[in-house]
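Asks:
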Amino acid sequence: MFDSHIELTNPGIEFQPANEIELLSTDINVKSLMICASWCNQNPQCRTFDYQSSSPLRCRLFEGGSSTGTQVNSSSPTSRLGAISYYPELYSAYNQSCNRCQQSRYLLCVNDRCQCPPNTFWNSSMCSNQHYSGLTCQADDWCRQDLNLTCFLPTNTCVGEAAATSTGTTELAATTTNILAAATSTGTTELAATTTNILAAATSTGTTKLAATTTNILAAATSTGTTKLAATTTNILAAATST
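Residue numbers (UniProt numbering): 1 to 243.
1. Inspect the CB distances between the region 120–129 and the region 72–81 and report whether three or more fall short of 8 Å.
2. Answer yes if the region 41–56 comes into contact with the region 89–96, meaning at least three C-beta pairs across the two stretches below 8 Å, and no otherwise.
3. D50 bridges to which residues according to DSSP?
4. Return the Cβ separation of C46 and L23 in integer angstroms, given the expectation that the two are a contact with Cβ distance under 8 Å.
5. Report, in whole angstroms, the separation of the C-beta atoms of S4 and N41, which I expect to be a contact under 8 Å.
6. How would you label T150, buried or exposed, when you count the other beta carbons within 10 angstroms and need 16 or more for buried?
7. How would you label V72, buried or exposed, when you count the other beta carbons within 10 angstroms and need 16 or more for buried?
8. Out of curiosity, what's the CA-to-CA distance linking Q16 and G69?
9. Would you mind reading off the limits of the beta strand (DSSP E) that contains Q71?
10. Given a threshold of 16 other Cβ atoms within 10 Å of its Cβ, counted over all protein chains shown, does T157 qualify as buried or as exposed?
11. C101 to A83, Cα distance in whole Å?
12. Restricting to Cα atoms, I'd like to know which of N111, C109, Y87, T136 is closest to M126.
13. By Cβ distance below 7 Å, which residues in the same chain neighbour G64 in space, the five residues on each side in sequence not counted?
14. Quick check on DSSP: helix, strand or coil for Q102?
15. Applying the 10 Å Cβ sphere with the 16-neighbour rule, what's the burial state of E14?
16. Using the Cα positions of N43 and Q115, report the straight-line distance between them to the nearest angstrom.
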């Protein structure tokens, strides 16, 4: 049995997750609050549970905690919410060999290293719940990847794939419009043709292709000695790489 510290609310409270995906299980045959708490403690993904002791009995386990969900009044006066406490000292074995976390409920052995449980990320001091759309991030693993969320670095915000694509390509399309105009004004036919292609690519969503194409146009701009074009393509290359 793993050790943990659990804080219980007064009766009449239940947990409201930020997203239904956080519900790990619901069981109507659990006979006591202590058994429900024990089940949560045995599951490394469980951070919160609530238990209803009146008929029908109900034990719900959640992977979300106070950072993603909220405590709300329950329609059942016998419902109580329990939250497992988390603090940095519990994660001293993070990224060390698995023999350091064999008796820990807070870290799992992954590829011979102690790592965070699913749907959590390492925030430099402990494992935290991954963030939902619109919340801050510094890397993709800060976001709910099972919901296809990624970290959009220009704003350091978790967004869906469609949003990340549309935001990034709009900026790229605008930049390529400017470089196309510059290429046309200098009368550099080859560059104008290349920027036409990259403008189409920006509209279509392939950022890898964009990075490769902008590398080519940057080389072309440099070789022709077109300073304005070289500067503009440097900006678009950075934009293509960042997305």
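All residues carry an ideal CB built from backbone N, CA and C; glycine is no exception.
Replies: By the coordinates alone:
1. no
2. no
3. In the sequence shown, the residue the question calls residue 50 occupies position 50. For D50, which the question treats as bridged, DSSP gives the partners R60, L81.
4. Taking the sequence shown and counting its residues from 1, the one referred to as residue 46 is at position 46. Taking the sequence shown and counting its residues from 1, the one referred to as residue 23 is at position 23. Incorrect: roughly 11 Å between the Cβ atoms, too far for contact.
5. Counting from one through the sequence shown, the residue named residue 4 turns up at place 4. Counting from one through the sequence shown, the residue named residue 41 turns up at place 41. Between N41 and S4 the Cβ distance is about 5 Å, and since that is below 8 Å, they are a contact.
6. The sequence position of residue 150 within the sequence shown is 150, counting from 1. Around the beta carbon of T150, a 10 Å sphere encloses 16 or more other beta carbons of the protein chains shown; the residue is thus reported as buried.
7. Position 72 of the sequence shown, counted from the start, is the residue given in the question as residue 72. The C-beta of V72 has fewer than 16 other C-beta atoms within 10 Å across all chains shown, which makes the residue exposed.
8. Within the sequence shown, numbered from 1, the residue matching residue 16 stands at position 16. Within the sequence shown, numbered from 1, the residue matching residue 69 stands at position 69. Approximately 6 Å, taken between the alpha carbons.
9. Counting from one through the sequence shown, the residue named residue 71 turns up at place 71. Its beta strand (DSSP E) spans residues 70–73.
10. As a working note, residue 157 is residue 157 in the sequence shown. Looking at its Cβ environment, which holds 16 or more other Cβ atoms inside 10 Å, T157 is buried.
11. Taking the first residue of the sequence shown as 1, we reach residue 101 at position 101. Taking the first residue of the sequence shown as 1, we reach residue 83 at position 83. Roughly 22 Å separates the two Cα atoms.
12. Translated into the one-based positions of the sequence shown, residue 126 becomes position 126. The shortest Cα separation from M126 among N111, C109, Y87, T136 belongs to Y87.
13. Stepping through the sequence shown from its first residue, residue 64 is reached at position 64. Excluding positions up to five away in sequence, the list reads P17, A18, E22, R47, T48, N129.
14. Along the sequence shown, read from residue 1 onward, the residue named residue 102 stands at position 102. Coil at Q102, not helix or strand.
15. Here residue 14 refers to the residue found at position 14 of the sequence shown. Buried is the call here.
16. Numbered from its first residue, the sequence shown carries residue 43 at position 43. Numbered from its first residue, the sequence shown carries residue 115 at position 115. Taken atom to atom, the span from the alpha-carbon of N43 to that of Q115 is near 15 Å.
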